[in-house]
Amino acid sequence: MGIKVLKFGGTSVANSYAMQKAFDIVASNNKDKTIVVLSACSGITDKLISLSETCLQKNSNEYEKILNEIEKHHLKLVFELFWDPDKATTYMKSINFILQSLRQLIEGVRILDELTAKVKAEILSYGEILSTNVFYHYLLFRGFLCFLLDAREIIETDNFHTNAKPNLLKIEQNREKILKIFQNYDLIVTQGFIGSWKKETTLLGRGGSDFSASLFAYSVDADEVQIWTDVDGIMSADPRLIPSAKPIKTITMDEVAELSFFGAKVLHPETVKPAVIKNIPVKVLNTFNTDSLGTTIVSSNSLRNHAPTINSMILLENCYFLKKSLDLNSKNIAYYISLLNDNFDKLLKISFNQNYLYAIAKGEKYTSIDESLTTEDFFVDRVDVLAFFGNNLSKTDSRTIGKLMKIITKHGDKLFNHFYFIVSEKSILLLAEQGEGKLLLQECHSTLFEQ
Ligand code: ADP
Ligand code: ASP
Ligand code: MG
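Going by this note's numbering, 405 is the number at position 277 of the sequence shown; the sequence numbering is gapless.
Spelled out as structure tokens, the structure:
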């Protein structure tokens, strides 16, 4: 008997309809030992963040309003899932107990008038604590023997409470705890997103439940990780922007990491790493369309000799384009890179030759860009960036180049400063005038993937 890890994201446990779909998937997966990792119900982590931000405000009852919304959401969920009123009362008690302890935690913060990172992590963990409790009780209600495991027992991390790094050694050692549970149970339900440092709650960063899933898989040497979400897999573009986007059948780990680095909110950027180390296959599947085959993430070596292909693209609006001429008086490149890192949230690309340094960056770190950039004579402009991803891109074939050239000829006026492409092995960046990106995204998608 193998071990599978099934992770359900926020939308897959958002409401009673979604939870029943997730239940059907778990119930049909009865050949393996299974670890079910759940996110908080969609939107709840955002509410908990607002709660932590407003609970110290003196003359406002905003925090009370948010607490009520969180309560209402989960009680409605229980009410809809447990149609037997007697049992509903029992489960309602358990959920109410958790909601009460969240209230007490917030009261404590208000009395002490202080919110430390440790307490913030504690508050944010309630989303996953609540969703797993509801789902666990629903499994029991439907006659499934299962074990509710506190993820903090397994996912040990460092002490950066709200953005912690996992301790792979400890996580691997904790496999014994999981295997012991599997002696008596075939099914474990546990939380994504949360971990612990010396018994204190820590968090793996936003979207961290994907990461949790692969960490659990890493711990027990699982046979497969399934990431269940609300789209048919990793798509050729964000389906919210391009409804005709198509699922990619097979994608390499490197490509997923690159997509996440550039900000495609489909998988947590670290997700693939523990899987890479142990060569565990990861599939991305649709909770609401189980007929779809989804996307299989394979090791990067397996597609090394394949023909170059573009598989997907994303749009990054309102980025910065930076250019600086280099001469004998220039400082060293490391100095400029650190200057750029100080000014922007993320450096998407940096390249230089003898004469110029170019950079593309996203999000200013502070309200305005530091004067030091002007003093250093940086040329700064705003652009929309279209990023294309695939395999062996630096060897991109003439057909794909032909298609990209077609876009350039047709839309030259919307492109930025005739500075068209930045090509590397893993991505091709096309720079557009600020505000023109959306239209170009549609054009490029239809030229590349729909013809
Ligand atoms: P979950 O709640 O299941 O973790 P997320 O919202 O974190 O789901 O990620 C899934 C969403 O990612 C999709 O609904 C989709 O809008 C967005 N997305 C962005 N880019 C892509 C892409 N290339 N392929 C698939 N989904 C994408
Ligand atoms: N609930 C967390 C978040 O919203 C983690 C996750 O959903 O993956 O970021
Ligand atoms: Mg997610």
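For every residue, glycine included, the Cβ atom is placed at its ideal position computed from N, Cα and C. In this text, all values refer to a predicted model and were calculated from it rather than measured experimentally.
* Straight-line Cα distance separating leucine 258 from valine 206 -> Taking the sequence shown and counting its residues from 1, one reaches residue 206 at position 78. Taking the sequence shown and counting its residues from 1, one reaches residue 258 at position 130. The alpha-carbon atoms of valine 206 and leucine 258 are separated by roughly 11 Å.
* Any alpha helix (DSSP H) of 4 or more consecutive residues that is wholly inside the region 290-341 -> 296-301, 303-312
* Could you check which residue in Val247, His573, Asp278 has the C-alpha nearest to that of serine 340? => As a first step, residue 340 is located in the sequence shown; it is residue number 212 there, counting from the start. Per the Cα distances, Asp278.
* Host beta strand (DSSP E) of leucine 443 (start-end) -> Here residue 443 refers to the residue found at position 315 when the sequence shown is read from its first residue. Taken as a continuous stretch (DSSP letters only), the beta strand (DSSP E) holding leucine 443 covers 437-453.
* Is lysine 175 near the ligand ADP, judged by its Cβ being under 7 Å from some heavy atom? -> In the sequence shown, residue 175 corresponds to position 47, counting from 1. It does not: the Cβ of lysine 175 is nowhere closer than 7 Å to a heavy atom of the ligand ADP.
* To do: Would you list the one or two residues that DSSP bridges to glycine 518?
  => Against the sequence shown, residue 518 aligns to sequence position 390. Note: glycine 518 sits in a beta bridge opposite Ile438.
* To do: Measure how close the beta-carbons of glycine 361 and leucine 395 come, nearest whole angstrom, since I'm counting them as under 8 Å.
  => Indexing the sequence shown from 1 puts residue 361 at position 233. Indexing the sequence shown from 1 puts residue 395 at position 267. With a Cβ gap of about 11 Å, glycine 361 and leucine 395 do not count as contacting.
* Endpoints, beta strand (DSSP E) assigned at aspartate 473 -> Mapped onto the sequence shown, residue 473 falls at position 345. Residues 472-480.
* Asked: At what residues does the alpha helix (DSSP H) containing tyrosine 145 begin and finish?
  -> By one-based count along the sequence shown, residue 145 stands at place 17. Segment 144-156, the alpha helix (DSSP H) holding tyrosine 145.
* Asked: How far does the beta strand (DSSP E) with leucine 411 in it reach, from first residue to last?
  -> Position 283 of the sequence shown holds residue 411. Per the sequence presented here, residue 411 reads as lysine, with leucine not at that position. That run of the beta strand (DSSP E) goes 410-414.
* Compute the minimum distance between the beta carbon of serine 167 and the heavy atoms of the ligand ASP, and state whether it is under 7 Å. => Residue mapping note: residue 167 aligns to position 39 of the sequence shown, counting from 1. Under cutoff, so the answer is yes.
* Contact check, leucine 557 vs isoleucine 488 under 8 Å by CB: the rounded distance? -> As a working mapping, residue 557 is identified with position 429 in the sequence shown. As a working mapping, residue 488 is identified with position 360 in the sequence shown. That belief holds up - the Cβ atoms of leucine 557 and isoleucine 488 are roughly 7 Å apart, short of 8 Å.
* Asked: Is the beta carbon of arginine 270 within less than 7 Å of some heavy atom of the ligand ASP?
  -> By one-based count along the sequence shown, residue 270 stands at place 142. No - the ligand ASP has no heavy atom lying nearer than 7 Å to the Cβ of arginine 270.
* Asked: Is it right to say tyrosine 464 is buried, meaning 16 or more other beta carbons lie within 10 angstroms of its own, or is it exposed?
  -> Position 336 of the sequence shown holds residue 464. It is buried - the Cβ of tyrosine 464 has at least 16 other Cβ atoms within 10 Å.
* To do: Return yes when the C-beta of arginine 368 is under 7 Å from any heavy atom of the ligand ASP, and no when it is not.
  => Residue 368 sits at position 240 when you count from the first residue of the sequence shown. The answer is no for arginine 368.
* Is the distance from the Cβ of isoleucine 163 to the Cβ of tyrosine 191 below 8 Å? -> Reading the sequence shown from its first residue, position 35 is the one you call residue 163. Reading the sequence shown from its first residue, position 63 is the one you call residue 191. Not closer than 8 Å, so no.
* At least three beta-carbon pairs within less than 8 Å, the region 163-175 to the region 314-326 -> yes
* To do: Measure the C-alpha to C-alpha separation of lysine 393 and leucine 456 and round it to an integer number of angstroms.
  => Stepping through the sequence shown from its first residue, residue 393 is reached at position 265. Stepping through the sequence shown from its first residue, residue 456 is reached at position 328. Lysine 393 and leucine 456: Cα-Cα distance of roughly 42 Å.
* Asked: Skipping 5 residues on each side, what residues in its chain have a beta carbon closer than 7 Å to that of serine 500?
  -> As a working mapping, residue 500 is identified with position 372 in the sequence shown. Correct list, in chain order: Leu467.
* Asked: In terms of residue numbering, what span does the beta strand (DSSP E) encompassing phenylalanine 389 cover?
  -> Here residue 389 refers to the residue found at position 261 when the sequence shown is read from its first residue. Per DSSP, phenylalanine 389 belongs to no beta strand (DSSP E); it is in the alpha helix (DSSP H), 381-389.
* To do: Using only the heavy atoms of the ligand MG, determine whether one of them is closer than 7 Å to the beta carbon of aspartate 338.
  => On the sequence shown, residue 338 is found 210 positions in, with the first residue counted as 1. Yes - the ligand MG has a heavy atom lying nearer than 7 Å to the Cβ of aspartate 338.
* Contacts around leucine 450, its chain only, beta-carbon distance under 6 Å, and the 5 residues preceding and following it disregarded -> Taking the first residue of the sequence shown as position 1, residue 450 is located at position 322. So the list reads Ala487, Phe506, Val508, once near-sequence residues are dropped.
* Asked: Pick from Asn481, Cys447, Leu184, Gly137: whose alpha carbon is nearest that of aspartate 473?
  -> Along the sequence shown, read from residue 1 onward, the residue named residue 473 stands at position 345. Comparing Cα-Cα distances from aspartate 473 to each of Asn481, Cys447, Leu184, Gly137, the minimum goes to Cys447.
* Would the C-beta of glycine 138 count as close to the ligand ADP, meaning under 7 Å from any of its heavy atoms? -> Looking up residue 138 in the sequence shown gives position 10. Yes.
* **C-beta contact flag for glycine 323 and asparagine 291 at 8 Å** => The residue labelled residue 323 in the question sits at position 195 within the sequence shown. The residue labelled residue 291 in the question sits at position 163 within the sequence shown. No, Cβ-Cβ distance for glycine 323 and asparagine 291 is not below 8 Å.
* To do: Check each candidate in Phe389, Ile153, Leu443 and name the one with the smallest Cα separation from proline 367.
  => The residue you call residue 367 lines up with position 239 of the sequence shown. Residue Leu443 is the option with its Cα nearest to proline 367.
* Is it the case that the Cβ atoms of isoleucine 376 and methionine 363 are separated by a distance below 8 Å? -> Start at 1 with the first residue of the sequence shown, and residue 376 comes out as number 248. Start at 1 with the first residue of the sequence shown, and residue 363 comes out as number 235. Closer than 8 Å, so yes.
* Starting from the N-terminal side, write out each stretch of the alpha helix (DSSP H) that is 4 residues or longer and does not extend beyond the region 225-257. => 245-252
* To do: Kindly give me the distance between the Cβ atoms of lysine 246 and threonine 415, rounded to whole angstroms, as I take these residues to be in contact under 8 Å.
  => The count along the sequence shown starts at 1 and reaches residue 246 at position 118. The count along the sequence shown starts at 1 and reaches residue 415 at position 287. At roughly 33 Å, the Cβ-Cβ gap does not stay under 8 Å, so lysine 246 and threonine 415 are not in contact.
* Measure the C-alpha to C-alpha separation of phenylalanine 225 and alanine 403 and round it to an integer number of angstroms. => Within the sequence shown, residue 225 is the residue found at index 97, counting from 1. Within the sequence shown, residue 403 is the residue found at index 275, counting from 1. Whole-angstrom Cα-Cα distance: 36 Å.
* To do: Compute the minimum distance between the beta carbon of arginine 334 and the heavy atoms of the ligand ASP, and state whether it is under 7 Å.
  => Along the sequence shown, one-based indexing puts residue 334 at 206. Yes, the Cβ of arginine 334 comes within 7 Å of a heavy atom of the ligand ASP.
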